[in-house]
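Student: Here you go, one structure.
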Amino acid sequence: MRSKSLFSVVFMLLVVSMLVVACQPAAPVAPAEPAAPAEPAAPAEPAAPVEPAAPAEPAAPVEPAMDFEPMSLAAPDCEYGGLIKEIAALDEFTVQFSMCAPDPAFPSKAAFSAFSIQPKEWIETAMESREILEKPVGTGPYVLDSWNRGDSMVFKKFADYWGTPAVADTLVFRWTSEGAARLLELQSGTVDGIDNPSPDDFDVISADSNLTLYEREALNIFYVGFTNFFPPFDDVRVRQAVALGLNRDRLVDNFYPAGSEVASHFTPCAIPNGCAGEDWYEFNLEAAKTLLADAGYPNGFDTKIFYRDVFRGYLPEPGLVATDIQAQLKDLGINAEIVVMESGAFLEESSAGRLDGIHLLGWGADYPHVTNFLDYHFAKNNLQFGEPFPEIFETLEAASQIADPGEAEPLYVEANNKIKELVPMVPIAHGGSATAFKAEVAGAHSSPLSNEFMAVVDPAGRDTLVWMQNAEPISLYCNDETDGESLRACEQVLESLLSYEVGATAVQPGLATSCDPNDDLTVWTCNLRQGVKFHDGSSLDANDVVMSWIVAWDASNPLHIGNTGAFEYFTYLWWNLLNAE
């Protein structure tokens with residue numbers, strides 16, 4: 004794509020030389036059409052307020068517009084059930100998204116790392132070979148240098164980064180599932196920062212003058228899920244019985260740190276309309292037993308509790324919590340076998356609705372909108388809880404098209420009340436969590452979205468910043484990942500059209516200086532930065548954006564491969580995949 008300009012110049016020089024040989028006066032020879040005064044490299048759009056330095060640099064040499072062949076993909080109509088109607092490159096630096104319905108949350112979604120951008124040519128080369136899973140080519144402040152499976156990831160500063168350069172020359176990601184082990188590494192000085200200290204260690208860190216604790220707002224949810232494909236959880240009375248029979252206060256009091264709270268709703272109340280509607284059921288063991296008896300299980304039944312042994316802000320002590328839930332279910336006469344699964348396998352099986360028992364899972368906010376919690380989990384295509392509930396997803400689809408939270412509130416009241424009535428899961432807790440760093444580290448922070456941005460962190464002048472998290476990333480093709488440890492690693496290397504403010508939730512420019520809607524929010528036009536380089540030296544253009552999106556959107560695309568091929572965020576946040584079976 005980027006070699007055509009050279010051919011054009013050579014061709015024009017050849018024409019000129021032939022004319023000269025033919026004794027034609029040089030001057031009149033239609034001024035050799037100076038490499039077509041390339042439509043003045045579209046005056047580099049003034050950078051957004053957050054990037055004051057960008058306009059100062061002249062736009063990098065831009066290929067003539069005649070060499071750019073814009074890509075696009077459109078659904079034949081909106082009957083396929085998705086939200087996206089068309090994704091089109093209008094020109095080299097403009098991408099337009101046309102929707103089947105208004106989408107007020109588009110900017111928040113477009114900032115998310117699951118919709119990050121890689122070069123069109125790299126996707127074409129590395130997707131089928133699956134190199135893309137471990138060798139991302141992004142535009143971010145760090146480049147992946149090496150991935151030592153089971154031990155660490157090493158990133159190097161990207162010299163040609165378009166924004167503010169990373170502070171540390173080298174960034175190292177390490178991991179361990181044990182909170183005590185992470186704290187010991189921090190105390191001994193072998194790492195500069197850690198994620199999710201254990202609840203019992205909050206006070207220890209706060210009392211240590213060499214360390215600083217950065218608490219996170221609890222924008223998350225831990226829940227006990229059911230899959231209604233399997234009896235007895237196909238009976239709503241059984242699900243309601245478990246909802247009534249779990250003492251959620253006991254779980255939060257015993258296993259969660261300060262800043263945590265028992266969940267009144269699935270979505271945290273800090274998010275508009277998250278807590279519209281009735282509060283969740285209060286603990287009532289006798290009422291739970293009565294419901295079980297009515298459902299035909301007066302003596303309970305046998306089942307399983309599935310979970311992954313990975314520490315999360317929403318589930319800080321997974322093994323202890325699973326054991327306590329097992330004991331509480333025993334009081335209902337339910338004998339539950341605990342099954343610990345590998346993280347990737349657990350996520351794949353739960354997403355596909357193949358776990359024939361109870362599963363313990365949770366969610367941290369990816370973007371600050373109620374659709375991120377409700378539309379993902381209760382969408383018409385999400386099989387995690389078994390057969391989806393039209394009473395829930397149809398209401399959510401209608402609500403998601405309304406920009407004004409006040410106008411949308413009655414629909415969220417209806418949806419939340421239906422979730423309570425039908426009990427696809429039991430919301431347990433919004434978990435308080437934190438990061439911790441050496442006190443000497445500047446720029447340290449925690450993010451309510453758990454997407455800490457390491458480029459702004461200064462490890463007291465040292466060349467290397469070492470970060471320790473809870474688990475190893477599953478892959479670094481985050482367009483087909485939902486795991487938080489993978490997403491955080493991706494966010495150091497890859498970027499999306501928009502971005503989130505560091506340590507906060509406000510949406511700001513990213514690879515696009517703006518994404519502007521039409522009046523009814525059915526068309527969003529994104530204007531790309533010019534002169535942005537990928538890690539492989541190629542330049543960002545609109546086709547890179549279109550390709551990055553359509554290989555996820557179009558299930559019939561031969562490059563619709565990814566890691567698992569589920570592309571869950573695309574499926575649920577944009578309602579459906581195009582050409583899905």
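My numbering puts the first residue of the sequence shown at 4, with every later residue one more than the last. From the three backbone atoms N, C-alpha and C, an ideal C-beta is built for every residue, glycine too.
So if DSSP puts lysine 441 in a beta bridge, which residue, or which two residues, is it bridged to?
Tutor: The partner list for lysine 441 (beta bridge, DSSP) reads Leu214.
Student: Any idea what DSSP makes of lysine 383, helix, strand or coil?
Tutor: Coil at lysine 383, not helix or strand.
Student: Checking 8 Å against the spacing of the C-beta atoms, do tyrosine 575 and methionine 428 come in under that value?
Tutor: For tyrosine 575 and methionine 428, no; Cβs fall outside 8 Å.
Student: Between the alpha carbons of aspartate 297 and aspartate 238, how many angstroms are there, rounded?
Tutor: If I take the Cα positions, the gap works out to 11 Å.
Student: Leaving aside the five residues before and after isoleucine 341 along the sequence, list all residues of the same chain whose C-beta is less than 8 Å from its C-beta, in chain order.
Tutor: Same-chain partners within the cutoff: Lys307, Ile308, Tyr310, Ala325, Thr326 and Gln329.
Student: So is proline 168 buried or exposed if we call it buried at 16+ other beta carbons inside 10 Å?
Tutor: Result: exposed.
Student: Looking only at DSSP bridge pairs, what is glycine 365 linked to?
Tutor: Glycine 365 pairs with Phe225.
Student: Which runs of the beta strand (DSSP E), 3 residues or longer, sit entirely within the region 283 to 314?
Tutor: With a minimum length of 3 residues, the continuous beta strand (DSSP E) runs that stay inside the region 283 to 314 are 305 to 311.
Student: Check whether the region 543 to 559 touches the region 357 to 367, taking contact to mean three or more Cβ pairs, one atom from each stretch, closer than 8 Å.
Tutor: Taking 8 Å as the limit for Cβ pairs, the verdict is that the region 357 to 367 does not touch the region 543 to 559.
Student: Is the Cβ-Cβ distance between lysine 123 and methionine 550 less than 8 Å?
Tutor: Their beta carbons are under 8 Å apart, which means lysine 123 touches methionine 550 by this criterion.
Student: Could you name each continuous beta strand (DSSP E) segment of 3 residues or more that falls completely within the region 75 to 120, going from the start of the chain to the end?
Tutor: Listed in chain order, they are 75 to 77, 87 to 94 and 97 to 102.
Student: Name, in chain order, the residues that DSSP records as bridge partners for threonine 173.
Tutor: Answer is Lys159 and Thr467.
Student: Go through its chain and collect everything with a Cβ distance to threonine 567's Cβ below 7 Å, but skip five positions before and after it.
Tutor: Result list for threonine 567: Glu351 and Asp483, in chain order.
Student: From what residue to what residue does the beta strand (DSSP E) around tyrosine 503 run?
Tutor: Segment 501 to 503, the beta strand (DSSP E) holding tyrosine 503.
Student: Just the Cα atoms here: how many angstroms apart are phenylalanine 205 and tyrosine 300?
Tutor: For phenylalanine 205 and tyrosine 300, the distance between alpha carbons rounds to 43 Å.
Student: In the DSSP assignment, what residue or residues form a beta bridge with lysine 536?
Tutor: DSSP lists Ser542 as partners of lysine 536.
Student: Give the straight-line distance between the Cα atoms of leucine 468 and aspartate 198, rounded to the nearest whole angstrom.
Tutor: Approximately 14 Å, taken between the alpha carbons.
Student: Unbroken alpha helix (DSSP H) runs of length 4 or more, entirely within the region 388 to 431: which are they?
Tutor: Counting only runs of 4 or more, we get 393 to 403 and 408 to 425.
Student: If we cut at 8 Å on Cβ distances, does phenylalanine 456 have a partner in chain B?
Tutor: The structure shown contains no chain B; it is built from a single protein chain.
Student: According to DSSP, simplified to helix, strand and coil, what is glycine 322?
Tutor: Note: glycine 322 maps to helix in three-state DSSP.
Student: Let me know the secondary structure DSSP gives cysteine 481 once reduced to three states.
Tutor: Helix at cysteine 481.
Student: Would you give the residue range spanned by the alpha helix (DSSP H) that valine 241 belongs to?
Tutor: Note, valine 241: alpha helix (DSSP H), 239 to 248.
Student: Do phenylalanine 158 and valine 548 have their CB atoms nearer than 8 Å?
Tutor: No.
Student: Closest by CA to tryptophan 283, which one among Ser346, Ala246, Tyr83 and Leu187?
Tutor: Nearest option by C-alpha distance: Ala246.
Student: Between the region 264 to 275 and the region 371 to 386, are three or more C-beta pairs nearer than 8 Å?
Tutor: As far as the Cβ criterion goes, the region 264 to 275 touches the region 371 to 386, which means the pair count is three or higher.
Student: Going by DSSP, what residues sit across from isoleucine 341 in a beta bridge?
Tutor: Ile308.
Student: Residues in the same chain with beta-carbon distance under 8 Å from aspartate 154, minus the five sequence neighbours each way, listed in chain order, please.
Tutor: Arg177.
Student: So, under 8 Å CB-CB, leucine 147 and leucine 479 are touching, yes? Tell me the CB distance rounded to an integer number of Å.
Tutor: Yes, leucine 147 and leucine 479 are in contact; Cβ-Cβ is about 7 Å, under 8 Å.
Student: Tell me which residues share the same chain as lysine 383 and place their Cβ nearer than 7 Å to its Cβ, disregarding the 5 neighbours each side in the sequence.
Tutor: The residues are Pro391 and Phe396.
Student: Compare the beta carbon distance of glycine 280 and tyrosine 370 with 8 Å and say whether it is the shorter of the two.
Tutor: Contact flag unset, no.
Student: Could you tell me which residues DSSP pairs with asparagine 199 in its beta bridges?
Tutor: In DSSP, asparagine 199 forms no bridge with anything.
Student: Should alanine 368 and asparagine 223 be called a contact, given that it needs their Cβ atoms to be closer than 8 Å?
Tutor: In this structure, asparagine 223 lies closer than 8 Å to alanine 368 by Cβ.
Student: Give the DSSP-derived three-state secondary structure of threonine 528 in the structure shown.
Tutor: It is a strand residue.
Student: Using alpha carbons as the reference points, say which of Asn546, Gln387 and Gly336 lies closest to isoleucine 126.
Tutor: Nearest C-alpha to isoleucine 126: Asn546.
Student: Is the beta carbon of aspartate 399 less than 8 Å from the beta carbon of phenylalanine 381?
Tutor: Note that residue 399 is leucine in the sequence shown here, rather than aspartate. Yes; because the gap between Cβ atoms is below 8 Å, this pair is in contact.
Student: Give a yes or no on whether the C-beta atoms belonging to serine 499 and isoleucine 120 are separated by under 8 Å.
Tutor: The answer is yes: Cβ separation under 8 Å.
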